[in-house]
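Novice: Structure incoming, see below.
Number of protein chains: 4
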Amino acid sequence: MKKIKLGMIGGGIGAFIGDAHRRASRICNDYELVGGVFDADYERSKQFAVQEGIDLSRCYESVETLIKAELELPSDIRMEVVAIVTPNALHYPFARNLLNNGFHLVCEKPMTMTVEEALDLERIVAETRLTFALTHTYTGYPMVRQMRDMIAQGVLGTIQRIDAQYYQGWINSIIHGTESRITGVWRLDPEHAGASSCMGDIGVHAFNLIEYTTGLEVNEVLSDLNPVKDDIKLDLDGTVMVRFGKNLKGVIRASQVCGGEENNLTIAVYGSKASFKWAQENPNYLYMLSDSEPARIFKPAHGYNDKFAEMSHTMPSGHPEGIYEALANIYRGTAKSIRGEAFIPGEFPTVHDGVRGMKFIHAVVESNRMGNIWVKVV
Amino acid sequence: MKKIKLGMIGGGIGAFIGDAHRRASRICNDYELVGGVFDADYERSKQFAVQEGIDLSRCYESVETLIKAELELPSDIRMEVVAIVTPNALHYPFARNLLNNGFHLVCEKPMTMTVEEALDLERIVAETRLTFALTHTYTGYPMVRQMRDMIAQGVLGTIQRIDAQYYQGWINSIIHGTESRITGVWRLDPEHAGASSCMGDIGVHAFNLIEYTTGLEVNEVLSDLNPVKDDIKLDLDGTVMVRFGKNLKGVIRASQVCGGEENNLTIAVYGSKASFKWAQENPNYLYMLSDSEPARIFKPAHGYNDKFAEMSHTMPSGHPEGIYEALANIYRGTAKSIRGEAFIPGEFPTVHDGVRGMKFIHAVVESNRMGNIWVKVV
Amino acid sequence: MKKIKLGMIGGGIGAFIGDAHRRASRICNDYELVGGVFDADYERSKQFAVQEGIDLSRCYESVETLIKAELELPSDIRMEVVAIVTPNALHYPFARNLLNNGFHLVCEKPMTMTVEEALDLERIVAETRLTFALTHTYTGYPMVRQMRDMIAQGVLGTIQRIDAQYYQGWINSIIHGTESRITGVWRLDPEHAGASSCMGDIGVHAFNLIEYTTGLEVNEVLSDLNPVKDDIKLDLDGTVMVRFGKNLKGVIRASQVCGGEENNLTIAVYGSKASFKWAQENPNYLYMLSDSEPARIFKPAHGYNDKFAEMSHTMPSGHPEGIYEALANIYRGTAKSIRGEAFIPGEFPTVHDGVRGMKFIHAVVESNRMGNIWVKVV
Amino acid sequence: MKKIKLGMIGGGIGAFIGDAHRRASRICNDYELVGGVFDADYERSKQFAVQEGIDLSRCYESVETLIKAELELPSDIRMEVVAIVTPNALHYPFARNLLNNGFHLVCEKPMTMTVEEALDLERIVAETRLTFALTHTYTGYPMVRQMRDMIAQGVLGTIQRIDAQYYQGWINSIIHGTESRITGVWRLDPEHAGASSCMGDIGVHAFNLIEYTTGLEVNEVLSDLNPVKDDIKLDLDGTVMVRFGKNLKGVIRASQVCGGEENNLTIAVYGSKASFKWAQENPNYLYMLSDSEPARIFKPAHGYNDKFAEMSHTMPSGHPEGIYEALANIYRGTAKSIRGEAFIPGEFPTVHDGVRGMKFIHAVVESNRMGNIWVKVV
């Protein structure tokens, strides 16, 4: 099958997330990286292109140049989809421009800096009918998809409590360093990261995982955020109470200062009949609890799983696949959409997930600023 | 060594917690059960005494009768300490009466129905200088004690976040039953259980574990409680934001409707240098995380532990001790105190822990009632 | 109910296993320790009696004296059952003498020094119809009992492979010490420990667990033992191939030199339909695997368990009980037998289990001595 | 950097292992798949080439045709390395032919059908100085490499016991089916699989992992194999005692009939000072045990690891990589060797590992055939 022509904005030398996107695109084997703007510094960008074996003529100085040049290429070699893996503040202007010129998009999260920007992208996507995939990578894990399917089938009964956690500790080594420690960490700079560090970077993943797996929407939030150190401008830690509807409540806990935690994203959905628990660091184990039966452990590559989970894992059972494969599953679903093939809702997070995420971040920051009051996520 | 003469109020036929107290008292081998008021129904109480081989003449009809009769016995056979294992509402009047008549006490939690009652007991204990042990059983586990010691030694650096959870699911089978399902479950009846079900029964354990292990006091709380079903008067589920001081925050999560959860009490204390994680269902594993070193697993019966942990476990390493042994450790510490022997602070929870617990429950209920605002725990 | 009068041989000051037996007897609450020979050194024995509050007149100088004196006491206060917790070499002469004088017995394993002695005890027990309990403590765990019941019900289909492991590391600190390091460790001295250290002390537990849970008998063994150091006379480590019948084979692996292992006894029984896996260090988790269904985790205190497992655990689910409670379950079954009450086969290991164990140890040592050939366990 | 031109023998439609090789080659990004003989059936082979977007002119009818045609191509587009992913019996003739014509090789295990064939390949590789990589995939995991490095540094002290396990259950559904069940499963047919099923397919992985991580060589083996069913010609299950040198022994346990086991490969190396334990199904956790210190958990992406482990994992800590990444690491090392770049010994398993593996399989089968006697692995 013909490869989809992929471009990339950002992700040059030393950028881990760009590398992840490229690997994912190669694993699913639906793409061919043909060019991009890999670095704000054009020389470094070209250096990267050489290193990757990319035709220098398609290594561009800016997004504008890229658009102009690519549009002039014949349609069978022209870039069809662009992956945006820059710092947060650049997502929106680049996405807007690329969409308006007919490029499909893969975009890193958080999608934009504001809710307004997010809504604008949603509008453009609706109008252009282009494919827009937001890389909430964790939705690509087979057992997350199995959980989503089984919840939709009603196996949990009435959902009674939802608890999601995203704990990391990596920022400790930065904030407890020297005075100049914060400078240069773009995640701690509101101009580049947006209104939130912890909630914007990882809390929003936990939020997305809740809405993705349960199909429910968070109605309102009450947050208490913590910058941890006096001279830090953004939250590095926080707790968010969440409410879904009458008698259904929950909590999202996120932190970047949990020393020794690596990437400890977990979700628990408790129902009247049964419950699910899943943890990202051991992604191939999905626990189903029940009051009246032994707990069960669902794993990939088994006949008892639904089709969606099974198509998201290629090795035989007991051969652990990981985060690159999860991202590759999202790239795979995106490819189907770009090609106009049938795909399963949930095969890739959409611009609407991005809107929901921005509303969540906005509401959480607002709740904290206003003195820990309830704020609607609408 | 001479056994301490133990009496018991409650804990008769079919009462699981009374049985636990008796087993604990036998494991540590410092006590001899000599009498009590085992049931509100005198006939059932006597039936129980016969079954246990207890002298019927010391199986009393009421606490008043017990006090009167025991005080007339010679001091070498007289009951010295009484364990109160009745429903919550009876703790205070019995405790007050017994203390005022010179009996040491072991009391179940929550200690009283109100903060005022708790403060009154604290005053009486201070005046009488009697031993008062509150059975926050989980403080008897060796690895909880190891955690407490190491935190006191400063191994975590500055504490940055604290997260405690207590999830159970047993009440699901009750609340999802027939209409008459709630009647007769005293934990759901405010008159017998007090102002809270979930927070009063289990949330308070999580709270106690935080203060016990860290030596910190919770300053204020903001809670969102959930009765889950419209006709239930008390909380069965809730989230409590907690604040300790500037830049130190955390969360307590508790629920009785997490279907399939058994007795899932956990605590995580995150510091700038290292962190601890412990879970009650595997109590002999204490995890210490650090950003710069491999995670470490502390277990009992090793030379690397402190004396307090080591004296709380008697078997060689790898031979799991459990909850009865934890409770026996508390009974052991209480015996030392009664005998006037030296004991380690923390060998048994005190009346002050009970006061703190009641203040917590009060503040949590108040915060929820007032619309989820911050309430001081003072 | 009247307490059974218990005596003890061995188990004095500093003896951990004697303490374990006493705790177990108190937990189940069917016994009263009335006397014994607690130490070969009479003065230390008396010192211990005083410390434990035991009547000095029943602290005897020798087993012979004990027998003579106790037989002269009125039957309602006379010692009824004796726990033998001495080094291995003394089990047989004491057991023989006590049985021949009408005392029920609880005996530590390995039961004797030779197969002949074991058969002799089996004969005496058959003739006297006295109760003889061998403390293979691990058979007292509720989930081991659940496994036994479910295997008997045929849930595994045809059993195809059995794998048991018992790894410890404690002897490392002894054998890697100074030259005089071995002296004084009775487990390393053939005169006190018998023909084997590792297999006699722990391998036999793994063997017993296999026969207990599956109801199968090991037909023959082929062993390769390892003393690890040149100057050590007994095995500290070994592998034993086991055969049950046509096409059913397995392995027992045991070692005392697995540095860092604590008490890592595990068993896996693999069948054509399903399989069980259990590990002593987390005894409340029983894993059931199947090719076609999610793995299941059985835990105590649930309606899905059989009666035998449920009567072996007293706390609500999620409150971990441990090794003392397992031993107490065996003491409880022994009490039923002594009192002539109905009990479930398997509530305590019998003299026949002891015979099987001695035959196993003998065959394993013989196989190794003969150059690793198959030896029958008959 | 210029991509290495890769060919493939086998691995066409429906072949899982060929797909794994292609993914791995794309993940590491050093290769470009240019042609091959993807199926014995030429039509299916071409169908596959079309599907993969491979130039049909390089989809060959046979290995001979491939060699002839490729050698006529200019060196800058000519196939440089060929991956052999056929059933076992074909490895040797194809490998021999390809090596003799100057192609580098990646070859599946077991390398050949006999020791003689293996030695012949070793000789040819030595003479031709071509790169030969054997895909013992598990050696590509970062924590396996960390274990190898630390053992080489002597952190374990004297190694005292080694225990490796490889349990699967997938063959149960085949052997317990209808009479014709075995026909068509090439792994059960000696003509295609060689002298062993279980030991040849998976036992050899456990053997390789031992020699890879410890640097030790197994001297001799004593095996007891089990075909499980009467009409099956090869072993599906077995235990292998292994000896390394004086006082160093161990065991390899492997089975394909452990119902419910997925791909449960584990290794434990026990030393006088410390021990390592690792399990394939959670490959990012390496446990280090010690008698005197808390157990430690090593994970990838940490400064405490050696360079070899760190270059084998690309994501930040807590982002699990899996088996495809392990295989990609081996492909990466192979690429370095083909390009003449410096590589670390152990970056890919060599033809010598293949010789060792064949000697192991041969010795294990021989030991069993001769009645379970010791056979040298030389």
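Protein chains in written order, with our numbering: chain A, 628 to 1005; chain B, 628 to 1005; chain C, 628 to 1005; chain D, 628 to 1005.
Ideal Cβ placement from N, Cα and C applies to all residues, glycine included.
Pick helix, strand or coil for D/I859, following the three-state DSSP scheme.
Specialist: In the fourth sequence, residue 859 of chain D corresponds to position 232, counting from 1. In this structure, D/I859 counts as coil in the three-state DSSP scheme.
Novice: Let me know the alpha helix (DSSP H) ranges lying completely inside the segment 644 to 715 of chain B, each 4 residues or longer, listed in chain order.
Specialist: The segment 644 to 715 of chain B contains these whole alpha helix (DSSP H) runs: 669 to 679 and 690 to 698.
Novice: Please check if any C-beta of chain D sits within less than 7 Å of the C-beta of A/I654.
Specialist: Taking the first sequence and counting its residues from 1, one reaches residue 654 of chain A at position 27. Yes, contact with chain D.
Novice: Excluding the 5 residues preceding and the 5 following D/P574 in the sequence, name in chain order all residues of the same chain whose CB lies nearer than 7 Å to its CB.
Specialist: Any answer about residue 574 of chain D is impossible in this case: the structure gives chain D only from 628 up to 1005.
Novice: Can you have a look at B/W905 and say buried or exposed, based on whether 16 or more other CB atoms are within 10 angstroms of its CB?
Specialist: By 1-based counting over the second sequence, the position of residue 905 of chain B is 278. Buried, because 16 or more other Cβ atoms sit within 10 Å of the Cβ of B/W905.
Novice: Would you give the residue range spanned by the beta strand (DSSP E) that C/E847 belongs to?
Specialist: The residue you call residue 847 of chain C lines up with position 220 of the third sequence. First-last of the beta strand (DSSP E) with C/E847: E847 to N853.
Novice: Locate the beta strand (DSSP E) running through C/F1009, then write down its first and last residues.
Specialist: Residue 1009 of chain C is absent from the model: chain C starts at 628 and stops at 1005.
Novice: In whole angstroms, give me the CA-to-CA distance for B/A901 and A/S684.
Specialist: The sequence position of residue 901 of chain B within the second sequence is 274, counting from 1. The sequence position of residue 684 of chain A within the first sequence is 57, counting from 1. Between B/A901 and A/S684, the C-alpha separation is close to 50 Å.
Novice: Does DSSP put D/S899 in a helix, a strand or coil?
Specialist: Position 272 of the fourth sequence, counted from the start, is the residue given in the question as residue 899 of chain D. Correct three-state label for D/S899: coil.
Novice: Would you say C/I924 reaches chain A, if we count a Cβ-Cβ gap shorter than 7 Å as a contact?
Specialist: Here residue 924 of chain C refers to the residue found at position 297 of the third sequence. Yes - at least one Cβ of chain A is within 7 Å of the one on C/I924.
Novice: CB B/S824 to CB B/R814, shorter than 7 Å?
Specialist: Translated into positions along the second sequence, residue 824 of chain B becomes position 197. Translated into positions along the second sequence, residue 814 of chain B becomes position 187. Contact: yes.
Novice: Along chain B, in chain order, which residues have C-beta atoms closer than 7 Å to that of D/E920?
Specialist: Residue numbering aside, residue 920 of chain D sits at position 293 when the fourth sequence is read from its first letter. The answer, in chain order, is Y931.
Novice: Whose C-beta lies closer than 8 Å to the C-beta of C/T887 among residues of the same chain, with five residues either side of it excluded?
Specialist: Here the question's residue 887 of chain C lines up with position 260 in the third sequence. Inspection of the sequence shows that residue 887 of chain C is occupied by Gly rather than by Thr. Only G796 meet the Cβ criterion.
Novice: Just reading off the beta strand (DSSP E) that D/L761 is part of, what are its end residues?
Specialist: In the fourth sequence, residue 761 of chain D corresponds to position 134, counting from 1. Per DSSP, D/L761 belongs to the beta strand (DSSP E) from F759 to L761.
Novice: What's the C-alpha gap between D/G680 and A/S919?
Specialist: What you label residue 680 of chain D is simply residue 53 of the fourth sequence in a count that begins at 1. What you label residue 919 of chain A is simply residue 292 of the first sequence in a count that begins at 1. Between D/G680 and A/S919, the C-alpha separation is close to 53 Å.
Novice: If you measure from the beta carbon of A/P947 to each beta carbon in chain D, is any gap under 7 Å?
Specialist: Position 320 of the first sequence, counted from the start, is the residue given in the question as residue 947 of chain A. Yes, contact with chain D.
Novice: Taking the beta carbon of C/R756 as the centre, do at least 16 other beta carbons fall within 10 Å, making it buried, or is it exposed?
Specialist: Taking the first residue of the third sequence as 1, we reach residue 756 of chain C at position 129. Under this definition C/R756 is an exposed residue.
Novice: In chain order, what residues of the same chain have a beta carbon less than 7 Å from the beta carbon of D/L861, not counting five sequence neighbours either side?
Specialist: In the fourth sequence, counting from the first residue as 1, residue 861 of chain D sits at position 234. Closer than 7 Å at Cβ, skipping near neighbours: L815, P817, A820, S823, S824 and P854.
Novice: Quick test of the definition: if touching needs 3 or more C-beta pairs under 8 Å, does the segment 727 to 743 of chain A touch the segment 657 to 670 of chain A?
Specialist: The answer is no - the segment 657 to 670 of chain A does not touch the segment 727 to 743 of chain A, with fewer than three Cβ pairs under 8 Å.
Novice: Taking CB distances under 7 Å as the criterion, tell me whether D/K876 reaches chain C.
Specialist: Within the fourth sequence, the letter at position 249 stands for residue 876 of chain D. It does; some Cβ of chain C falls within 7 Å.
Novice: When the cut-off is 7 Å and only beta carbons count, does A/S672 lie next to chain B?
Specialist: Indexing the first sequence from 1 puts residue 672 of chain A at position 45. No, because no Cβ of chain B sits closer than 7 Å to the Cβ of A/S672.
Novice: So is C/E952 buried or exposed if we call it buried at 16+ other beta carbons inside 10 Å?
Specialist: Here residue 952 of chain C refers to the residue found at position 325 of the third sequence. Buried.
Novice: Taking contact to mean at least 3 C-beta pairs separated by less than 8 Å, is the segment 759 to 776 of chain D in contact with the segment 970 to 990 of chain D?
Specialist: The segment 759 to 776 of chain D is in contact with the segment 970 to 990 of chain D.
Novice: Roughly how far, in whole angstroms, is the beta-carbon of B/N724 from the beta-carbon of B/I694, given that I think they are within contact range, below 8 Å?
Specialist: Position 97 of the second sequence, counted from the start, is the residue given in the question as residue 724 of chain B. Position 67 of the second sequence, counted from the start, is the residue given in the question as residue 694 of chain B. Going by Cβ atoms, the distance from B/N724 to B/I694 rounds to 7 Å, so yes, they are a contact pair.
Novice: Whose Cβ in chain A lies nearer than 8 Å to the Cβ of D/D646?
Specialist: Translated into positions along the fourth sequence, residue 646 of chain D becomes position 19. Here the neighbours are T941.
Novice: Could you tell me if D/Y643 is buried or exposed, where buried requires 16 or more neighbouring beta carbons within 10 angstroms of its beta carbon?
Specialist: In the fourth sequence, counting from the first residue as 1, residue 643 of chain D sits at position 16. For the sequence presented, residue 643 of chain D should be read as Phe rather than Tyr. By the neighbour-count rule (16 or more Cβ atoms within 10 Å), D/F643 is not buried but exposed.
Novice: Would you verify that the beta carbon of C/T840 is, or is not, closer than 7 Å to some beta carbon of chain D?
Specialist: For the purposes of this step, residue 840 of chain C is taken as the residue at position 213 of the third sequence. Not an interface residue.
Novice: Where does the unbroken beta strand (DSSP E) through B/D790 begin, and where does it stop?
Specialist: Locating residue 790 of chain B in the second sequence gives position 163, where the first residue counts as 1. Counting along the chain, the beta strand (DSSP E) containing B/D790 begins and ends at I786 to Y794.
Novice: Using the beta-carbon of each residue, which ones in chain C are nearer than 9 Å to B/F643?
Specialist: Against the second sequence, residue 643 of chain B aligns to sequence position 16. Within 9 Å Cβ-Cβ: T941, M942 and P943.
Novice: Assuming D/L892 and D/M774 are in contact, meaning their beta carbons sit under 8 Å apart, how far apart are those beta carbons, in whole angstroms?
Specialist: Taking the fourth sequence and counting its residues from 1, one reaches residue 892 of chain D at position 265. Taking the fourth sequence and counting its residues from 1, one reaches residue 774 of chain D at position 147. At roughly 13 Å, the Cβ-Cβ gap does not stay under 8 Å, so D/L892 and D/M774 are not in contact.
Novice: Among the candidates A/G767, A/F730, A/Y765 and A/L726, whose CA atom is the shortest distance from the CA of A/D747?
Specialist: As a working note, residue 747 of chain A is residue 120 in the first sequence. The residue with the shortest Cα to Cα distance from A/D747 is A/L726.
Novice: For the beta strand (DSSP E) containing B/K934, list its first residue and its last residue.
Specialist: One-based indexing of the second sequence puts residue 934 of chain B at position 307. B/K934 -> not in any beta strand (DSSP E); alpha helix (DSSP H) instead, spanning K934 to E937.
Novice: On the premise that A/I789 lies in contact with A/I711, defined as a C-beta separation below 8 Å, what is that separation, rounded to the nearest angstrom?
Specialist: Residue 711 of chain A sits at position 84 when you count from the first residue of the first sequence. Residue 789 of chain A sits at position 162 when you count from the first residue of the first sequence. About 30 Å separates the two Cβ atoms, so there is no contact after all.
Novice: Which residue from C/P921, C/Y897, C/D857 and C/H832 puts its Cα closest to that of C/R880?
Specialist: Translated into the one-based positions of the third sequence, residue 880 of chain C becomes position 253. Nearest of C/P921, C/Y897, C/D857 and C/H832 to C/R880, Cα basis: C/H832.
Novice: Return helix, strand or coil for D/S1006, following the three-state DSSP convention.
Specialist: Outside the displayed span of chain D (628 to 1005) sits residue 1006 of chain D, for which this structure offers no information.
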